[in-house]
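Q:
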Amino acid sequence: MHPSEELAGRHFDAVIVGGGINGAGIARDLALRAHSAKHPLNILLLEKSFWGSGTSGKNSHLIHGGLRYLKYLDVGLVREALSERATLLKLAPNTVRPLRFKLSTNGPLDSLKYGAGIILYDLLAGQHRIGKSQYFGTNLSYWDAASDSAALVIDNVRDAKQLGTVCLPRSPVRRISGDGVELDNGVRVKAATVIDARGPWNRSASMRLVRGSHIVLPRLFPGGDAVAHFHTDGRIIFFIPWGDLNPVTLIGTTDVDHSGSADSVEISWNETEYLQNIAAKLFPHSADMPILGTFSSLRPLLAAPGKSASSTSREHHIAYRPDGVLEITGGKYTTYRLMAEQAADLACLRIAPNLASLHPTRTAPFTVPTLRPNGVDQRIAWAKAEEGCETLEEFLTCSTNWAWQKHWTAQDLEPLASAFGGGAEAFLERYEL
Ligand SMILES: Cc1cc2nc3c(=O)[nH]c(=O)nc-3n(C[C@H](O)[C@H](O)[C@H](O)COP(=O)(O)OP(=O)(O)OC[C@H]3O[C@@H](n4cnc5c(N)ncnc54)[C@H](O)[C@@H]3O)c2cc1C
Numbered sequence: 001m002h003p004s005e006e007l008a009g010r011h012f013d014a015v016i017v018g019g020g021i022n023g024a025g026i027a028r029d030l031a032l033r034a035h036s037a038k039h040p041l042n043i044l045l046l047e048k049s050f051w052g053s054g055t056s057g058k059n060s061h062l063i064h065g066g067l068r069y070l071k072y073l074d075v076g077l078v079r080e081a082l083s084e085r086a087t088l089l090k091l092a093p094n095t096v097r098p099l100r101f102k103l104s105t106n107g108p109l110d111s112l113k114y115g116a117g118i119i120l121y122d123l124l125a126g127q128h129r130i131g132k133s134q135y136f137g138t139n140l141s142y143w144d145a146a147s148d149s150a151a152l153v154i155d156n157v158r159d160a161k162q163l164g165t166v167c168l169p170r171s172p173v174r175r176i177s178g179d180g181v182e183l184d185n186g187v188r189v190k191a192a193t194v195i196d197a198r199g200p201w202n203r204s205a206s207m208r209l210v211r212g213s214h215i216v217l218p219r220l221f222p223g224g225d226a227v228a229h230f231h232t233d234g235r236i237i238f239f240i241p242w243g244d245l246n247p248v249t250l251i252g253t254t255d256v257d258h259s260g261s262a263d264s265v266e267i268s269w270n271e272t273e274y275l276q277n278i279a280a281k282l283f284p285h286s287a288d289m290p291i292l293g294t295f296s297s298l299r300p301l302l303a304a305p306g307k308s309a310s311s312t313s314r315e316h317h318i319a320y321r322p323d324g325v326l327e328i329t330g331g332k333y334t335t336y337r338l339m340a341e342q343a344a345d346l347a348c349l350r351i352a353p354n355l356a357s358l359h360p361t362r363t364a365p366f367t368v369p370t371l372r373p374n375g376v377d378q379r380i381a382w383a384k385a386e387e388g389c390e391t392l393e394e395f396l397t398c399s400t401n402w403a404w405q406k407h408w409t410a411q412d413l414e415p416l417a418s419a420f421g422g423g424a425e426a427f428l429e430r431y432e433l
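Per this note's numbering, the very first residue in the sequence shown carries number 1; after that it's consecutive.
1. Spatial neighbours of Glu47 within its chain, please: CB distance less than 6 Å, with the 5 preceding and 5 following residues excluded, ordered by chain position.
2. What is the residue span of the beta strand (DSSP E) that Thr272 lies within?
3. Rounded to whole angstroms, what's the CA-CA distance from His298 to Pro360? Just pull it up for me.
4. Is the number of C-beta pairs between the region 123 to 140 and the region 77 to 84 that are closer than 8 Å three or more?
5. I'd like to confirm the pairing. Which residues does DSSP put opposite Tyr336 in its beta bridges?
6. Note down the Cα distance separating Glu273 from Ala287, rounded to an integer number of angstroms.
7. For Arg68, I'd like the list of residues in its chain whose CB is within less than 7 Å of its CB, leaving aside the five on either flank, ordered along the chain.
8. Under 6 Å from any heavy atom of ligand 1, does the C-beta of Pro98 make it?
9. Decide if Gly243 is buried, meaning its Cβ has at least 16 other Cβ atoms within 10 Å, or exposed.
10. Please state whether the Cβ-Cβ distance between Thr254 and Glu266 is less than 7 Å.
11. With hydrogens ignored, establish whether the beta-carbon of Gly388 is closer than 6 Å to any heavy atom of ligand 1.
12. Going by the CB atoms, is the gap between Leu89 and Pro365 shorter than 7 Å?
13. Mind checking which residues open and close the beta strand (DSSP E) that includes Asp13?
14. Among Glu315, Thr95, Met1, which has the Cα closest to the Cα of Gly76?
15. Could you round the C-beta distance between Trp402 and Val216 to whole angstroms and report it? I think they count as a contact, below 8 Å.
16. Please indicate yes or no: does the CB of Leu46 lie closer than 6 Å to some heavy atom of ligand 1?
17. Could you tell me whether the Cβ atoms of Phe239 and Val227 are closer together than 7 Å?
18. Could you check whether the region 97 to 115 touches the region 344 to 361, counting it as contact only if at least three pairs of C-beta atoms, one from each stretch, sit closer than 8 Å?
19. Please state the DSSP three-state secondary structure of Val325.
20. So for Pro218, helix, strand or coil by DSSP?
21. Note the first and the last residue of the continuous beta strand (DSSP E) segment covering Glu182.
22. Taking 6 Å as the cut-off, is the beta-carbon of Lys332 closer than that to any non-hydrogen atom of ligand 1?
23. Please check the pair Leu326 and Ala303, which I expect to be a contact at CB under 8 Å, by giving their CB distance rounded to whole angstroms.
24. On the DSSP letters alone, give me the boundaries of the alpha helix (DSSP H) that Val75 sits inside.
25. How far does the beta strand (DSSP E) with Lys190 in it extend, from its first residue to its last?
26. Which residues mark the beginning and the end of the alpha helix (DSSP H) in which Phe427 is found?
27. Reducing DSSP to helix, strand and coil, say where Phe395 ends up.
28. For Val157, does the count of other Cβ atoms within 10 angstroms reach 16, so buried, or fall short, so exposed?
29. Just to confirm, does Val227 get its C-beta within under 6 Å of one of the non-hydrogen atoms of ligand 1?
30. Return yes when the Cβ of Thr232 is within less than 7 Å of the Cβ of Asn106, no when it is not.
31. By DSSP, does Ile291 sit in helix, in strand, or in coil?
32. The beta strand (DSSP E) with Glu145 in it runs from where to where?
33. Buried or exposed for Glu429, please, with buried defined as at least 16 other CB atoms from any protein chain shown within 10 angstroms of its CB.
34. Thinking C-alpha only, which one of Lys384, Thr409, Ala424 is nearest Ser49?
35. If we call anything under 7 Å between Cβ atoms a contact, is Leu358 one with Arg10?
36. Could you have a look at Pro108 and say whether DSSP puts it in helix, strand or coil?
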């Protein structure tokens, strides 16, 4: 029996649909408010696949202000994100870590411009600056932060669970309305407030889906710093050391309008070539390297007619829709805590007004941080129990990021595959490893 069947007919204070960073963040926020005020709330978080299986587990893994948004004079957005960066570095030190970026520009004029950009970036960070930047000369650098983005989703889910929230992965919802939801298996649940945190799966008219893709190459340069390259087309491309002991480099991202289903998102030939060419320009030895893997996901952005995919704002929108559902869209992973707080404020005004102005996530560290165990068997058990992973593909590509860290053979993969009750062929074929 699927655990969701036990929910049939139950009434919750809040049902949240979508277990990406926004849904998980709202679940933790509501749970912490209820706990700190000793005001019990029944909260349910439903995810159709595994935690962080959407954009939140397949992004650039950066907790950043977004240096490039200064170009669009999105100063407010950058300042807000820099302040959230500081909060996450403080409250989730096991998952979020500082990362230095070396800048690669297109000549001295460019360097002057971007050096000035870094000065403004640091000024906006103010007391939250992380480290010493280099503003002048040929070795420009600045500090930001990075995280294993699926892990921070799970940090939020684990805290919410610990405080009594019912959190169910593998529970797709087929109907959402202002007073409840219906799951694919027919189970209906009533709720005083329903929150739609389906990200790119929420296809409301105001949403623009923009695909971002990454390619993974073997490690391109020594050391733990990342490289931020300002390309001649005005886009920024990150080269991020990635994986346990940094065996590979993550290169991305692109910005391409996506009109297909949110369930089938793949890098195009043009995007691959675009990223490969930039890598070869900066690191000529990469031209002979095999692409170890690729991954793509969707940015759910607020539509702004006439704007390019790159220049469309990363602002967020949180409001009740005419059907009575509270919707959370747009924004960035980095600002999820603030977005979750604003969504929880609105939800509480309806379900528990005395909790509407409590903001515990500003100061509460994660009580059950995600420290995944070592050892393959333990790691598989953890992925199943804590992350909701059910397949070899989910385990290798999102939970562990191991998929591209070596050239896997069928022999290597068989024991892992059998732990998930399947074979390795489908995985090897799909990822052409
Ligand atoms: C390529 C790329 C790189 C990015 N890099 C960064 C970065 O480095 N830093 C940063 O700050 N931001 C970054 N972003 C933005 C950021 O990742 C997103 O804004 C954020 O992850 C969105 O989170 P979400 O919870 O709204 O969506 P998602 O993570 O997609 O979560 C939505 C969840 O809802 C679930 N769901 C959908 N339908 C249903 C249903 N019917 N029933 C139950 N569950 C359902 C999905 O399975 C999914 O898990 C990047 C975005 C992209 C595309």
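Glycine included, each C-beta is placed from N, C-alpha and C at the ideal position. In this text the structure is predicted, and so the values were computed from the model without any measurement.
A: A quick look at the data gives this:
1. On the sequence shown, residue 47 is found 47 positions in, with the first residue counted as 1. Same-chain partners within the cutoff: Gly19, Pro169.
2. Here residue 272 is taken as the residue at index 272 of the sequence shown, counted from 1. Counting along the chain, Thr272 falls outside any beta strand (DSSP E), though it belongs to the alpha helix (DSSP H) covering 269 to 282.
3. Here the question's residue 298 lines up with position 298 in the sequence shown. Here the question's residue 360 lines up with position 360 in the sequence shown. With the sequence shown as reference, residue 298 is identified as Leu, and His is not the correct amino acid for it. Approximately 30 Å, taken between the alpha carbons.
4. yes
5. Residue 336 sits at position 336 when you count from the first residue of the sequence shown. For Tyr336, which the question treats as bridged, DSSP gives no partner whatsoever.
6. Your numbering for residue 273 matches position 273 in the sequence shown. Your numbering for residue 287 matches position 287 in the sequence shown. Cα to Cα, the separation comes out at about 11 Å.
7. Here the question's residue 68 lines up with position 68 in the sequence shown. Around Arg68: Ile236.
8. Translated into positions along the sequence shown, residue 98 becomes position 98. No - ligand 1 has no heavy atom lying nearer than 6 Å to the Cβ of Pro98.
9. Along the sequence shown, read from residue 1 onward, the residue named residue 243 stands at position 243. Label assigned to Gly243: buried.
10. Here residue 254 refers to the residue found at position 254 when the sequence shown is read from its first residue. Here residue 266 refers to the residue found at position 266 when the sequence shown is read from its first residue. Not in contact: Thr254 and Glu266 (Cβ atoms no closer than 7 Å).
11. Taking the first residue of the sequence shown as 1, we reach residue 388 at position 388. No, the Cβ of Gly388 stays beyond 6 Å of every heavy atom of ligand 1.
12. The residue you call residue 365 lines up with position 365 of the sequence shown. The residue you call residue 89 lines up with position 89 of the sequence shown. No, the Cβ-Cβ distance between Pro365 and Leu89 is not below 7 Å.
13. As a position in the sequence shown, residue 13 is number 13, starting the count at 1. Asp13 -> beta strand (DSSP E) spans 11 to 17.
14. Numbered from its first residue, the sequence shown carries residue 76 at position 76. Closest option to Gly76, Cα to Cα, is Glu315.
15. Position 402 of the sequence shown, counting from 1, holds the residue named residue 402. Position 216 of the sequence shown, counting from 1, holds the residue named residue 216. Incorrect: roughly 11 Å between the Cβ atoms, too far for contact.
16. Along the sequence shown, read from residue 1 onward, the residue named residue 46 stands at position 46. Checking the Cβ of Leu46 against ligand 1 gives yes.
17. The residue you call residue 239 lines up with position 239 of the sequence shown. The residue you call residue 227 lines up with position 227 of the sequence shown. Yes, these two residues count as a Cβ contact at 7 Å.
18. no
19. If you number the sequence shown from 1, residue 325 lands on position 325. In this structure, Val325 counts as coil in the three-state DSSP scheme.
20. Position 218 of the sequence shown holds residue 218. Strand at Pro218.
21. As a working note, residue 182 is residue 182 in the sequence shown. For Glu182, the enclosing beta strand (DSSP E) starts and ends at 180 to 183.
22. Counted from its first residue, the sequence shown places residue 332 at position 332. Yes - ligand 1 has a heavy atom lying nearer than 6 Å to the Cβ of Lys332.
23. As a position in the sequence shown, residue 326 is number 326, starting the count at 1. As a position in the sequence shown, residue 303 is number 303, starting the count at 1. About 20 Å; that fails the 8 Å criterion.
24. Taking the sequence shown and counting its residues from 1, the one referred to as residue 75 is at position 75. It spans 75 to 91 - the alpha helix (DSSP H) in which Val75 sits, taken as one unbroken run.
25. The count along the sequence shown starts at 1 and reaches residue 190 at position 190. That run of the beta strand (DSSP E) goes 188 to 196.
26. Residue 427 sits at position 427 when you count from the first residue of the sequence shown. Segment 425 to 431, the alpha helix (DSSP H) holding Phe427.
27. Indexing the sequence shown from 1 puts residue 395 at position 395. In the structure shown, Phe395 sits in a helix (DSSP, three-state: H, G or I).
28. The count along the sequence shown starts at 1 and reaches residue 157 at position 157. With 16 or more other Cβ atoms within 10 Å, it is buried.
29. The residue labelled residue 227 in the question sits at position 227 within the sequence shown. Checking the Cβ of Val227 against ligand 1 gives no.
30. Start at 1 with the first residue of the sequence shown, and residue 106 comes out as number 106. Start at 1 with the first residue of the sequence shown, and residue 232 comes out as number 232. Yes, the Cβ-Cβ distance between Asn106 and Thr232 is below 7 Å.
31. Sequence index remark: in the sequence shown, residue 291 carries index 291 (1-based). Looking at Ile291 - three-state DSSP - the assignment turns out to be coil, as it is neither helix nor strand.
32. As a first step, residue 145 must be located in the sequence shown, where it is residue number 145. Note that residue 145 is Ala in the sequence shown, not Glu. Residues 141 to 147.
33. Position 429 of the sequence shown, counted from the first residue, corresponds to residue 429. The residue in question, Glu429, is exposed, as its Cβ has fewer than 16 Cβ neighbours within 10 Å.
34. By 1-based counting over the sequence shown, the position of residue 49 is 49. Of Lys384, Thr409, Ala424, the residue nearest in Cα terms is Lys384.
35. On the sequence shown, position 358 is the one that residue 358 refers to. On the sequence shown, position 10 is the one that residue 10 refers to. No, they are not a contact pair.
36. Along the sequence shown, read from residue 1 onward, the residue named residue 108 stands at position 108. Helix at Pro108.
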